[in-house]
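Each remark here refers to the structure printed beneath this line.
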Ligand SMILES: [Zn+2]
Ligand SMILES: [Zn+2]
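Numbering (my numbering), first residue to last: 15 to 361.
See below:
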C-alpha cells in the first residue's frame, strides 16, 4: 500500500510503498475512504510542530474508512462498516485520564503522529483504541470525507464545552477557516442570537454567510471592534473565539468581549505560542479565558451524530478533493489558503 510518510521537520513528506498492515488480535484494518487535511499537518511538515511525531509515520489524523479486515476477538464490526475514531489513544491511568479528560493524556499516542494515519490506502486500528471503544460506526449514507470531519468538529465541541454559548449570546468568530466555520455552526446550534465572523478573505466570508453568520467583517478594511461594540450597546460580545494562530489577535479577542465575557484561544500559535496581551483586560474586566486541545470519545460521538443528522453542514466545508497520489499537491493547496477543507482520497 501507499502511505504519505513524515521525513523530518521541514523535509517534504513522500508517498512511500509500505507493507499493508495485517490486523492482529483485537485490531482492525480499514480501507481509507478519505482523509481531510488539517492545519496541524501543515505545521508538522513546516517543522513548526515535531513533538510526538515519529520519523516515517504515515501522516493524517482526520480519517474515515470502511472496515476491511477484522482481527481475532473483535466483536461488533463487520467488513464494509463505515467507521472513524478520535485520534488520541490515551493511557487511561494518568491524572487527566482519571479525571475524564483523556484527550489531555500525559502519555498519549496520536494517529498521524506516532500511530500510522490516514494519508494511506489502509490504516490499522490499534488494539488499545478498539478496547477503549474509540472506533465509531457511522450511518452508511455518509461520504467518508464528511465523516472525516468528525475529528475537527469534536475538537470544536470540546472547545465549546469550555467557552460555552448561552441562548441569546453574541459570538464573534475570528477567522473563517474550517475551524471558524465549525464554531460558527456550533454557536448557531447552541442558541447564539448573533454570530459575527471576521476574516480578510472574501470567499471565506461568503461561506460564513451561507453557513449562518449574521454579519461578516473584513478586519483589514473595517473596524471589527467598533462594529461589535456598535451592535452591543458599546458593551462587547459575550464570547470571542480565536480560530487563527496570529499572536496579535489574542489581545484583540480580549478587547472584543464584554465585562465578564469569555474568550477561547482555540487556535494554536507557532512555537511556544508567545503573545503580548494586556493582562489588565482580564483582571479589571473579569474575563474568562479558556483553551482547547484535541478531543475525546464523548465529543467524537456527539460530532458523528451532528454530521449524520445534518445539523452541521459538512458538504459545504469540503471544497476540494485530491487523489492520494497527489497528496503533496493537496498539502500545498492547503498551504495556499484557498478553499476550505481538502479531502485526500485513495485513487
Ligand atoms: Zn486536525
Ligand atoms: Zn493518560
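Backbone N, C-alpha and C fix where the C-beta goes; we use that ideal spot for every residue, glycine too.
C-alpha of residue 335 to C-alpha of residue 130: approximately 21 Å in a straight line. Between the segment 251 to 267 and the segment 283 to 296 there are three or more C-beta pairs closer than 8 Å, enough to call the two in contact.
DSSP, read as helix, strand or coil, puts residue 91 in coil. Going by C-alpha positions, residue 200 is about 12 Å away from residue 192. In the structure shown, residue 115 adopts coil according to DSSP, grouped into three states.
A residue is called buried when at least 16 other Cβ atoms come within 10 angstroms of its Cβ; residue 20 meets this threshold and is buried.
At the C-beta level, residue 307 and residue 117 come within 9 Å of one another. Between the C-alpha atoms of residue 202 and residue 349 there is a straight-line separation of about 29 Å.
A Cβ-Cβ contact shorter than 9 Å links residue 304 with residue 279.
The shortest CA-to-CA distance from residue 155 to any of 360, 329, 356, 295 is the one to 329. Residue 198 and residue 73 have their alpha carbons spaced roughly 28 Å apart.
Comparing alpha carbon positions, the residue from 32, 53, 153, 215 closest to residue 283 is 53. By the C-beta density criterion, residue 148 is buried, having at least 16 other C-beta atoms within 10 angstroms. The continuous beta strand (DSSP E) containing residue 17 extends over residues 16 to 19. Excluding the 5 residues flanking it on each side, residue 205 has same chain C-beta neighbours closer than 8 Å at 179, 180, 181, 182, 183, in chain order.
At least one heavy atom of ligand 1 sits closer than 8 Å to the Cβ of residue 165. Distance from the C-beta of residue 173 to the nearest heavy atom of ligand 1 is not below 8 Å.
As the crow flies, the alpha-carbon of residue 141 is around 13 Å from that of residue 102. The residue among 164, 271, 165 with its C-alpha nearest the C-alpha of residue 209 is 271. Residues of the same chain with a CB within less than 6 Å of the CB of residue 357, apart from the 5 flanking positions on each side, are 48, 50, 159, 332, 335 in chain order. About 5 Å separates the Cβ atoms of residue 15 and residue 136, confirming a contact at the 8 Å cut-off.
Segment contact: the segment 34 to 44 against the segment 75 to 85, three or more CB-CB distances shorter than 8 Å; contact assigned. Annotation for residue 58: 67 place their beta carbon closer than 6 Å to its own, counting only its chain and skipping 5 residues before and after.
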